[in-house]
Each structure stands twice: as C-alpha cells, then as structure tokens.
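Everything below concerns the one structure shown next.
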Amino acid sequence: DSSPLKVAVTGAAGQIGYSLLFRLASGALGDRPIELRLLEIEPALKALEGVVMELDDCAFPTLAGVEIGHEADKIFDGVNLALLVGARPRTKGMERGDLLEANGAIFTAQGKALNSVAADDVRIGVTGNPANTNALIAMTNAPDIPKERFSALTRLDHNRAISQLAAKTGASVTDIKKMTIWGNHSATQYPDLFHAEVNGKNAAETVNDQDWLENDFIPTVAKRGAAIIEARGSSSAASAASATIDAARDWLHGSAADDWVSMAVVSDGSYGVPEGLIYSFPVITKNGDWEIVQGLEIDDFSRSRMEATANELIEERDAVKELGLI
Ligand code: NAI
Numbered sequence: 003d004s005s006p007l008k009v010a011v012t013g014a015a016g017q018i019g020y021s022l023l024f025r026l027a028s029g030a031l032g033d034r035p036i037e038l039r040l041l042e043i044e045p046a047l048k049a050l051e052g053v054v055m056e057l058d059d060c061a062f063p064t065l066a067g068v069e070i071g072h073e074a075d076k077i078f079d080g081v082n083l084a085l086l087v088g089a090r091p092r093t094k095g096m097e098r099g100d101l102l103e104a105n106g107a108i109f110t111a112q113g114k115a116l117n118s119v120a121a122d123d124v125r126i127g128v129t130g131n132p133a134n135t136n137a138l139i140a141m142t143n144a145p146d147i148p149k150e151r152f153s154a155l156t157r158l159d160h161n162r163a164i165s166q167l168a169a170k171t172g173a174s175v176t177d178i179k180k181m182t183i184w185g186n187h188s189a190t191q192y193p194d195l196f197h198a199e200v201n202g203k204n205a206a207e208t209v210n211d212q213d214w215l216e217n218d219f220i221p222t223v224a225k226r227g228a229a230i231i232e233a234r235g236s237s238s239a240a241s242a243a244s245a246t247i248d249a250a251r252d253w254l255h256g257s258a259a260d261d262w263v264s265m266a267v268v269s270d271g272s273y274g275v276p277e278g279l280i281y282s283f284p285v286i287t288k289n290g291d292w293e294i295v296q297g298l299e300i301d302d303f304s305r306s307r308m309e310a311t312a313n314e315l316i317e318e319r320d321a322v323k324e325l326g327l328i
C-alpha cells in the first residue's frame, strides 16, 4: 500500500512528542509514507505549530503531511494508528482519584472519537499514564472497535529489563530474547527472568542469583522511571518515544521469529489473569494482530508477583467503574 499511513499522536507538543514525531516522520515504521495527525489541547497548539515548523525543516522524504488540532473527531478521522501519549500528569495535591478522573475524561472522549471516525483497521497504543487503565477506558468507550486493537505500553519496561540483564551478564542486548513484563506499567509490574534467554540459555539460571533478581533487577526495572526523574529533572521521554515506536512497529510488522515482546492487552483469562483487564503479557505479533504466548510454566514466586500486579489493576478498574468512566 503506497497511500500514506495515517498516524495520530496525542499530546504531540509534549516531551515524548518532541522525540516521537521526528522518528515517525523519518521512517521508523517503514518506508510507507506517513501522514501525521497531531492532537493537543488548545493552549498548546501554538507550541505545536513550532514543532511542525521543525518537522517541515527536516524535509523528511517519508512525511506526506501534517495536520494539527484540538478536536479529536477531526484529528482521528480515518487514522490507521493512534498513539495516545497525552495525559494529565499528577500535580501537587492531586489525589489518585483526581488523577483517574482527569485522565478518565480524556480517554473517554478519545475512545468515543476513535469509535466514530477512525479507519476500520485502526490500532491504538496508549502511552499516557496510567496507561493500562487509560487503555481500558478508551476501549470500553469504543464498543465498535475490536478490543484486540487496544494496547498499553510496557515496551519501555521490557527494554529496560533487557538492558539491565545485558549489563549483568555481559551479553549484548541482541543476545537476549523472550523477556516478559507481566501486569501493570507501574511499580507492581513483574519483569520475568524465568522465561527469558541469554544466548539461548535460561536467564534466571545463567544469572543464578535470586537475591539480585529479587532485590536488584526487579526494583531497578520497576522504579527506573523515578530514577530518571531524579537524575534528569523530568520524566523519561526519548526512551518512552523509542519504546512507543518499537511497540507500534512490531504490532504492524510482526515480532522476530525466535522471540516475543511485552504488550499490555485485554486479558482472555490466560495465566489466571481476570478477563477484560488490560494486562501486560508475552505476545507474538503478526500482521497487526497479537497472540498471548501460551504454556509457560509459572512457579510460586512468579505467580505471587503476577497476582499482585493484577490486583492493582483490579483496584484501578474498580475505581474508574465507580467514577462511571467504564
Ligand atoms: P508532557 O506533559 O510533556 O506532555 C503531555 C502533553 O499532553 C502536553 O503537551 C499536554 O498539553 C497534552 N495533553 C493533555 N491533555 C490532552 C488532551 N486531552 N488531548 C491531547 N493532548 C493533551 O508529558 P510527556 O513527558 O510527553 O509524557 C506523556 C505521558 O506519557 C505521561 O502520562 C507520562 O506519564 C507517560 N509516560 C508513559 C511511559 C510508559 O512507558 N508507558 C513512559 C514515560 C511517560
């Protein structure tokens, strides 16, 4: 297909947007021309115009057009891929309920808009936090879009886990396969080394250090976002944009043959995860579809971590249900 792939990005004037747009425009999803549809809140449109000036100035051969605006039903019209990055950050004095409510309003409206105007083949990736629950809200508010078309981003956690394991074992990142992030994109996530491989050998056995795995690896991956804020003074942006692209590219074009990726997708009850939760699983992607990897053996340690992160997602789901958002 040589018609442009229409890609919506929300929160396009934000930090992640500033990295994401240039990579999308320069061909990170492939050679197919791309048309960017950028959604922002009205006060940010002026800044977004500046970003578009810079996109123009790159003269990217693959960039077929850019449209900006603050109305979701115009920006999402006919889009094949929607990357929902924009969200309300938690500000001082904001309670968790306030945060869920503010984001609930955004993802309710965007889910409805996608439902009515997106292309039939639309795929929707949610990066904005709380990503899993925002995806659940958008999915629930888009009843005509198949539920399998929604996902939330845990690819950054997945990439962080690969990087930590590579550093620990002295392997290169390309030697590491079958990493899994289970559950929520939050501190309760479970990065799993029991099914990962380093040069074809089991990662947990290769490391052979349960203390490191439990007290170093897992918390380092799960709390990496906070460590970056501490060091950089603002949250991870280029790495989040890079992971957003990795996830979209693999979703559209397929994951590698001898590997899998982590994606938060609607649970079908696999591994005892309650049906309907947006939970990160190991998945194989092909031609725009994904399939949860089946048959992995789960020991008691993994089981308890997988349940803890599921329980947090249940709490989030119940909270947004109570607010009438789903
Ligand atoms: P940012 O604050 O720099 O940018 C967010 C942008 O979203 C702002 O320009 C804002 O005007 C816009 N926005 C707010 N409401 C909107 C709406 N209703 N429609 C369209 N745009 C809207 O934030 P940054 O650093 O770009 O991060 C964006 C989100 O990504 C945050 O929620 C952050 O927590 C999340 N994130 C997720 C990661 C993941 O791995 N899933 C990793 C890093 C960040």
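Counting the sequence shown from 1 gives a position; UniProt numbering is that position plus 2.
Idealized CB from N, CA, C, for every residue including glycine.
As the structure is a computational prediction, the values presented were derived from the model and not from experiment.
The beta strand (DSSP E) spanning E293 covers which residue range?
-> Element bounds for E293: D291 to I294.
Would you decide whether I231 is buried or exposed? Buried here means 16 or more other CB atoms lie within 10 Å of its CB.
-> Counting every other CB atom within 10 Å of its CB across the protein chains shown gives I231 a total below 16, marking it as exposed.
Check the C-beta distance from A245 over to L315 and give it rounded, since I have them as a contact under 8 Å.
-> Between L315 and A245 the Cβ distance is about 20 Å, and since that is not below 8 Å, they are no contact.
Relative to the alpha-carbon of S238, which residue among A10, H197, T171 and N131 has its alpha-carbon at the smallest distance?
-> For S238, the closest of A10, H197, T171 and N131 by C-alpha to C-alpha distance is N131.
Among the residues of its own chain, which have a CB less than 7 Å from the CB of T171, if the five just before and after it don't count?
-> Once the five neighbours on either side are set aside, the close Cβ partners of T171 are V200, T208 and V209.
Cα-Cα separation between G202 and A121, rounded to whole angstroms = One C-alpha to the other measures close to 40 Å.
Three CB pairs or more closer than 8 Å across the region 267–286 and the region 179–188 = The region 267–286 is in contact with the region 179–188.
Three or more beta-carbon pairs under 8 Å between the region 286–300 and the region 127–143, yes or no?
-> Output reads no: the region 127–143 does not touch the region 286–300.
Look at the alpha carbon of V322 and the alpha carbon of F109, and state the distance between them as a whole number of angstroms.
-> Here the alpha carbons of F109 and V322 stand approximately 11 Å from one another.
Go through its chain and collect everything with a Cβ distance to R34's Cβ below 6 Å, but skip five positions before and after it.
-> Annotation for R34: L7 place their beta carbon closer than 6 Å to its own, counting only its chain and skipping 5 residues before and after.
Which term fits N161, buried or exposed, when burial requires 16 or more other beta carbons within 10 angstroms of its beta carbon?
-> Counting the other Cβ atoms within 10 Å of the Cβ of N161 gives 16 or more, which makes it buried.
Near the ligand NAI: R90 beta-carbon under 7 Å from a heavy atom = At a threshold of 7 Å, R90 counts as near the ligand NAI, since its beta carbon sits closer than that to one of the ligand's heavy atoms.
Is L158 near the ligand MG, judged by its Cβ being under 7 Å from some heavy atom?
-> Among the ligands in the structure shown, the ligand MG does not appear; only the ligand NAI can be found there.
Return yes when the C-beta of residue 1 is under 7 Å from any heavy atom of the ligand NAI, and no when it is not.
-> Outside the displayed span of the chain (3 to 328) sits residue 1, for which this structure offers no information.
Counting only runs that start and end within the region 176–253, where is the beta strand (DSSP E) found for 3 or more residues in a row?
-> Fully enclosed beta strand (DSSP E) runs of 3 or longer: 182–184 and 192–194.
From this set, D146, A189 and A133, which residue's C-alpha is nearest K114's C-alpha?
-> Comparing Cα positions, the closest option is D146.
Any heavy atom of the ligand NAI within a distance shorter than 7 Å of the CB on T135?
-> The answer is no for T135.
Classify residue 371 as helix, strand or coil using the three-state DSSP reduction.
-> This structure gives no information on residue 371, because the portion of the chain shown stretches from 3 to 328.
Would DSSP call I70 helix, strand or coil?
-> Correct three-state label for I70: strand.
Kindly indicate which three-state DSSP category L40 falls into: helix, strand or coil?
-> Assignment of L40 by DSSP, reduced to helix, strand and coil, places it in the strand class.
DSSP on I147, reduced to helix/strand/coil?
-> Three-state DSSP puts I147 in coil, outside helix and strand.
Compute the minimum distance between the beta carbon of Q191 and the heavy atoms of the ligand NAI, and state whether it is under 7 Å.
-> Flag unset: Cβ of Q191 not near the ligand NAI.
Confirm the yes/no value for this check: CB of S237, any heavy atom of the ligand NAI, distance under 7 Å.
-> At least one heavy atom of the ligand NAI is nearer than 7 Å to the Cβ of S237, so yes.
On the DSSP bridge assignment, give the partners of Y273 in chain order.
-> Answer is none; Y273 lacks a bridge partner.
With 16 other CB atoms within 10 Å as the buried threshold, where does D252 fall?
-> Per the 10 Å Cβ criterion, buried.
Compute the Euclidean distance between the alpha carbons of D123 and L102, then round it to the nearest angstrom.
-> If I take the Cα positions, the gap works out to 29 Å.
8 Å contact criterion, which A133 and L116 should meet: CB distance rounded = About 16 Å separates the two Cβ atoms, so there is no contact after all.
Of the residues S272, E293, L298 and E318, which one's Cα is nearest the Cα of L195?
-> For the residues S272, E293, L298 and E318, the minimum Cα distance to L195 belongs to L298.
Are the CB atoms of A49 and A15 nearer to each other than 8 Å?
-> Yes, the Cβ-Cβ distance between A49 and A15 is below 8 Å.
Residue of I247, A233 and R25 minimising C-alpha distance to I126 | Nearest of I247, A233 and R25 to I126, Cα basis: I247.
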